[in-house]
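Before any comments, here is the structure.
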Amino acid sequence: MVYAIKLHIEGKVQGVNYRYSAMQQAISLQLCGWVKNNADGTVSAHVEGPKEIVELFITWCKQGPSDAQVLHVEIENAEPENFSEFKIIR
Numbered sequence: 345m346v347y348a349i350k351l352h353i354e355g356k357v358q359g360v361n362y363r364y365s366a367m368q369q370a371i372s373l374q375l376c377g378w379v380k381n382n383a384d385g386t387v388s389a390h391v392e393g394p395k396e397i398v399e400l401f402i403t404w405c406k407q408g409p410s411d412a413q414v415l416h417v418e419i420e421n422a423e424p425e426n427f428s429e430f431k432i433i434r
């Protein structure tokens, strides 16, 4: 069964390669979905895959890449959309 979540990441998460690093992490974990910057300086993501693997991705998101300063990650359950890849939405 596919587990799906939406993430809302706050802090210094734009201009620090957060989206690209998140995409690389998701691809390495064989997860599907997307990540995008928001106008308010936050980052959002929709992630799908096995629950235990999605939880590894959440753990990574709370840290982010080395230049990021993640202050808060909001997590909510989502409906699977059956994505076939993980990509950056611009």
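So the number in our numbering is just where the residue sits in the sequence shown, counting from 1, plus 344. Note that CB positions come from ideal geometry on N, CA and C, so glycine has one too. These numbers were taken from a predicted model, which means no experiment stands behind them.
Bridge partners for residue i per DSSP, in chain order?
{"i": "Asn-361", "result": "Answer by DSSP bridge pairing: none, since Asn-361 is not bridged."}
{"i": "Ser-388", "result": "His-352 and Lys-380"}
{"i": "Glu-420", "result": "Lys-350"}
{"i": "Gly-393", "result": "Tyr-347"}
So, with DSSP's three-state summary, where would you put residue i?
{"i": "Leu-373", "result": "coil"}
{"i": "Val-346", "result": "coil"}
{"i": "Phe-430", "result": "strand"}
Once the 5 residues before and after residue i are set aside, which same chain residues still bring their CB inside 6 Å of it?
{"i": "Gly-393", "result": "Leu-375"}
{"i": "Gln-408", "result": "Residue identity check: residue 408 is Gly in the sequence provided, not Gln. The answer, listed in chain order, is Tyr-362 and Val-414."}
Tell me which residues share the same chain as residue i and place their Cβ nearer than 7 Å to its Cβ, disregarding the 5 neighbours each side in the sequence.
{"i": "Thr-386", "result": "His-352, Ile-353, Glu-354 and Val-357"}
{"i": "Leu-400", "result": "Leu-373"}
I want to know whether the stretch 367-380 touches the stretch 411-419 - three or more CB-CB distances under 8 Å. no
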